[in-house]
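Enquirer:
Number of protein chains: 2
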Amino acid sequence: MSNSREYFKSAVSVDNVIFGFDDTDLKVLLIKRGEEPFFGEWALPGDLVYPNEDINTAANRILFDLTGLENVYLEQVSTFGEVDRHPKGRVITIGYFSLINIEKVSPRASSFANEISWKNVRDVKELAFDHFKIMTTCLYRLQTNLKLKPIGFELLPERFTLTELQLLYESVLGKQLDKRNFRKKITKMNIIKDLNIYQTGVAHRPARLYSFDAESYQQALKEGITFEI
Amino acid sequence: MSNSREYFKSAVSVDNVIFGFDDTDLKVLLIKRGEEPFFGEWALPGDLVYPNEDINTAANRILFDLTGLENVYLEQVSTFGEVDRHPKGRVITIGYFSLINIEKVSPRASSFANEISWKNVRDVKELAFDHFKIMTTCLYRLQTNLKLKPIGFELLPERFTLTELQLLYESVLGKQLDKRNFRKKITKMNIIKDLNIYQTGVAHRPARLYSFDAESYQQALKEGITFEI
DNA sequence: ACAAAAGTGTTTTATTTACACCCATGA
DNA sequence: TCATGGGTGTAAATAAAACACTTTTGT
Numbered sequence: 000m001s002n003s004r005e006y007f008k009s010a011v012s013v014d015n016v017i018f019g020f021d022d023t024d025l026k027v028l029l030i031k032r033g034e035e036p037f038f039g040e041w042a043l044p045g046d047l048v049y050p051n052e053d054i055n056t057a058a059n060r061i062l063f064d065l066t067g068l069e070n071v072y073l074e075q076v077s078t079f080g081e082v083d084r085h086p087k088g089r090v091i092t093i094g095y096f097s098l099i100n101i102e103k104v105s106p107r108a109s110s111f112a113n114e115i116s117w118k119n120v121r122d123v124k125e126l127a128f129d130h131f132k133i134m135t136t137c138l139y140r141l142q143t144n145l146k147l148k149p150i151g152f153e154l155l156p157e158r159f160t161l162t163e164l165q166l167l168y169e170s171v172l173g174k175q176l177d178k179r180n181f182r183k184k185i186t187k188m189n190i191i192k193d194l195n196i197y198q199t200g201v202a203h204r205p206a207r208l209y210s211f212d213a214e215s216y217q218q219a220l221k222e223g224i225t226f227e228i
Numbered sequence: 000m001s002n003s004r005e006y007f008k009s010a011v012s013v014d015n016v017i018f019g020f021d022d023t024d025l026k027v028l029l030i031k032r033g034e035e036p037f038f039g040e041w042a043l044p045g046d047l048v049y050p051n052e053d054i055n056t057a058a059n060r061i062l063f064d065l066t067g068l069e070n071v072y073l074e075q076v077s078t079f080g081e082v083d084r085h086p087k088g089r090v091i092t093i094g095y096f097s098l099i100n101i102e103k104v105s106p107r108a109s110s111f112a113n114e115i116s117w118k119n120v121r122d123v124k125e126l127a128f129d130h131f132k133i134m135t136t137c138l139y140r141l142q143t144n145l146k147l148k149p150i151g152f153e154l155l156p157e158r159f160t161l162t163e164l165q166l167l168y169e170s171v172l173g174k175q176l177d178k179r180n181f182r183k184k185i186t187k188m189n190i191i192k193d194l195n196i197y198q199t200g201v202a203h204r205p206a207r208l209y210s211f212d213a214e215s216y217q218q219a220l221k222e223g224i225t226f227e228i
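In order, the protein sequence lines correspond to chains Z and V. Residue numbers are given in numbering that gives the first Met the number 0: position 150 of the first sequence equals residue 149, and the series is strictly consecutive. Residue numbers are given in numbering that gives the first Met the number 0: position 157 of the second sequence equals residue 156, and the series is strictly consecutive.
(1) Helix, strand or coil for Phe63 (chain V) per DSSP?
(2) According to the neighbour-count rule (16 or more other Cβ atoms, all chains shown, within 10 Å of its Cβ), is Thr143 (chain V) buried or exposed?
(3) Could you name the residues of the same chain whose beta carbon sits closer than 6 Å to that of Ile91 (chain Z), not counting the 5 residues immediately before and after it, in chain order?
(4) For a minimum of 3 consecutive residues, which ranges assigned as the beta strand (DSSP E) are wholly contained in the segment 175-204 of chain V?
(5) Could you say if the segment 153-169 of chain V and the segment 113-124 of chain V meet the contact criterion of at least three C-beta pairs nearer than 8 Å?
(6) Compute the distance between the beta-carbons of Leu172 (chain Z) and Leu164 (chain Z), then report whether it is under 8 Å.
(7) Would you kindly work out how many angstroms separate the C-alpha atoms of Glu40 (chain V) and Lys31 (chain V), rounded to a whole number?
(8) Closer than 8 Å is the cut-off here; do at least three beta carbon pairs connect the segment 50-58 of chain V with the segment 137-152 of chain V?
(9) Who are Glu227 (chain Z)'s beta bridge partners in DSSP?
(10) When you compare only the Cα positions, how much space is there between Leu29 (chain Z) and Phe181 (chain Z)?
(11) Does any residue of chain Z have a CB that is nearer than 8 Å to the CB of Gln75 (chain V)?
(12) Beta-carbon of Pro50 (chain V) versus every beta-carbon of chain Z: anything under 8 Å?
(13) Against chain V, with Cβ distances strictly below 8 Å, would Leu220 (chain Z) count as a contact?
(14) Considering only residues of the same chain and omitting the five flanking positions on each side of His85 (chain V), which have a CB-CB separation below 7 Å?
(15) Which runs of the alpha helix (DSSP H), 4 residues or longer, sit entirely within the segment 90-159 of chain V?
(16) Can you look up Ala219 (chain Z) in the DSSP assignment and give me helix, strand or coil?
(17) Using a cut-off of 7 Å between C-beta atoms, extract the partners of Thr78 (chain V) located in chain Z.
(18) If you pair each beta-carbon of the segment 178-195 of chain Z with each one of the segment 208-223 of chain Z, do three or more pairs fall below 8 Å?
(19) Based on the DSSP secondary-structure assignment, which residues constitute the bridge partners of Val11 (chain Z)?
(20) By the three-class DSSP mapping on this structure, what secondary structure does Val171 (chain Z) have?
(21) Could you confirm whether any beta carbon from chain Z is found closer than 8 Å to the beta carbon of Leu208 (chain V)?
(22) Please list, in chain order, the chain V residues whose beta carbon lies closer than 7 Å to that of Val11 (chain Z).
(23) So, at 8 Å on beta carbons, what are the nonlocal neighbours of Leu176 (chain V) in its own chain, with the 5 sequence-adjacent residues on each side left out?
(24) Below 8 Å between beta carbons: does that hold for Ile101 (chain Z) and Phe211 (chain Z)?
(25) Using 8 Å as the limit for Cβ to Cβ distance, is Glu229 (chain Z) near chain V?
(26) Just the C-alpha distance for Met134 (chain V) and Leu47 (chain Z), rounded to the nearest angstrom, thanks.
(27) Counting along the chain, where does the beta strand (DSSP E) carrying Leu68 (chain Z) start and finish?
(28) Which residues in chain V have a C-beta closer than 9 Å to the C-beta of Glu81 (chain Z)? List them in chain order.
(29) Who pairs with Ala237 (chain V) in a beta bridge, going by DSSP?
(30) Do you know how far the Cα of Cys137 (chain V) is from the Cα of Ser105 (chain V)?
(31) My output table needs one value for Thr78 (chain V): the three-state DSSP class, helix, strand or coil.
(32) Specify the secondary structure class of Ala42 (chain Z) as computed by DSSP and reduced to three states.
(33) Among the residues of its own chain, which have a CB less than 7 Å from the CB of Leu68 (chain V), if the five just before and after it don't count?
(34) Do you know how far the Cα of Trp117 (chain V) is from the Cα of Val27 (chain V)?
(35) Closer than 7 Å by C-beta to Lys183 (chain V): which residues in its own chain qualify, once you throw out the five before and the five after it? Chain order, please.
(36) Which word fits Asp14 (chain V), buried or exposed, when buried means at least 16 other C-beta atoms lie within 10 angstroms of its C-beta?
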């Protein structure tokens with residue numbers, strides 16, 4: 000780019016598909032739009048990228064504004080740049096997804112949204128702009144990566160049971176898994192820590208609690224882990 | 000985005016990592032820059048996105064300008080948007096890669112390049128801007144996808160031998176593969192057609208020629224193929 | 001004692017890996 | 001006849017899939 004010419008400039012935005020998991024279903028955090036276009040319709044949280052802001056920073060900002068969370072798993076997925084994707088002008092948007100522990104969040108209204116809600120991903124059928132397409136693309140990427148990288152833990156509390164972990168996998172991948180085989184695989188990977196403590200107050204045999212063992216995972220990565228479920 | 004405010008606008012560009020394969024090595028098509036910044040340095044072909052141009056169209060245009068090729072395998076990989084990635088201003092760039100049959104190309108100089116050349120990917124050590132990072136990211140994606148989707152054919156001529164295909168895989172993945180096991184896997188997938196014709200003019204037993212069988216591949220996809228090498 | 005979910009091994013099947021020699025051609 | 005790369009099968013090891021009962025708790 001030379002500075003001797005004046006170039007066309009597009010607005011660039013970031014949209015963030017924020018995934019959570021509530022012990023049964025994969026959820027996505029949506030906002031009800033408080034302005035035109037698509038007033039009153041559900042949409043992904045997003046905003047324009049500021050002049051002096053890295054795009055990753057913008058994605059983190061959107062997440063923080065909505066949830067108060069920082070240092071959260073965030074992954075860029077794809078950029079959507081059809082000329083007519085925004086009715087008010089040329090806006091190229093970069094789609095991200097984040098994985099958060101849903102318990103840590105009580106979503107708060109923000110400048111650009113008058114209502115915020117967790118929705119079951121499978122129940123979402125349409126969204127403002129091309130946001131449904133963005134969400135679907137991010138879900139697909141999540142499914143792919145869940146099989147290759149141990150990112151599922153990001154959606155769970157610090158301490159979790161193996162059944163919770165399995166339910167998460169089943170929910171995201173959309174299929175049933177065999178309990179014994181699942182446990183065998185997970186434990187063989189050596190990336191979760193048995194805390195030797197148990198659930199309490201459940202009307203059945205209490206489950207052992209585990210946590211993700213980041214150190215062992217780093218070790219396993221070096222030795223060439225394949226995290227396949 | 001409301002139209003009642005004036006938003007900051009960034010320039011948006013597309014950079015294209017054009018891969019080719021010359022029977023031995025994976026190559027990338029680079030240009031020597033004919034203007035500042037980075038005058039005289041090697042860079043990825045790229046250009047700003049036009050006001051009324053989809054981003055995919057822009058990526059295809061860059062490819063066409065340089066090679067004369069259309070309808071070529073093109074995949075968006077990642078968007079690079081650090082504030083300071085371009086010394087002359089804010090430019091957010093979308094990285095693509097394409098796979099082409101190197102025989103079909105005699106690269107031509109263009110407005111923005113005074114020299115064009117195929118380089119061995121492994122020999123490229125630095126590039127203008129953050130292009131080395133973009134190239135590396137695209138290479139990594141190519142490696143991943145080559146194991147999951149039959150895109151290797153895009154780099155070969157219409158008719159190819161199994162050894163050529165294997166060399167391609169070895170070159171992209173950067174590791175040796177067992178000849179018999181490779182052939183077993185490829186043929187079991189049922190996505191290549193044995194043309195029942197042979198190489199000529201080689202000083203050894205002539206190899207059978209094959210072509211990619213797009214129809215069988217579509218069929219196999221429906222039945223849930225896993226194209227793993 | 002009953003309901004509810006936790007936890008645990010073995011056998012079968014499929015996949016992956018390792019490995020070496022003969023074949024067809026041009027020089 | 002020699003050099004060069006083409007083409008082929010089998011056995012062993014590993015990984016994946018299928019499958020059912022006992023345990024522990026709260027009610």
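Using N, Cα and C, we set each Cβ at its ideal position, and we do this for glycine too.
Expert: Looking at the coordinates:
(1) helix
(2) exposed
(3) Ser9, Val11 and Gly80
(4) 191-197
(5) no
(6) no
(7) 5 Å
(8) no
(9) Answer is none; Glu227 (chain Z) lacks a bridge partner.
(10) 32 Å
(11) yes
(12) yes
(13) no
(14) Phe128
(15) 130-147
(16) helix
(17) Ile54, Gln75, Thr78 and Ile93
(18) yes
(19) Z:Ile91
(20) helix
(21) no
(22) Ser9, Val11 and Ile91
(23) Gln165, Tyr168, Glu169 and Ile228
(24) no
(25) Residue 229 (chain Z) cannot be examined here, being either before or after the span of chain Z that is shown, 0 to 228.
(26) 27 Å
(27) Taken as a continuous stretch (DSSP letters only), Leu68 (chain Z) belongs to no beta strand (DSSP E), as it is neither H nor E.
(28) Asp53, Ile54 and Asn55
(29) This structure gives no information on residue 237 (chain V), because the portion of chain V shown stretches from 0 to 228.
(30) 23 Å
(31) strand
(32) strand
(33) Leu62, Ile99, Lys103 and Val104
(34) 5 Å
(35) none
(36) buried
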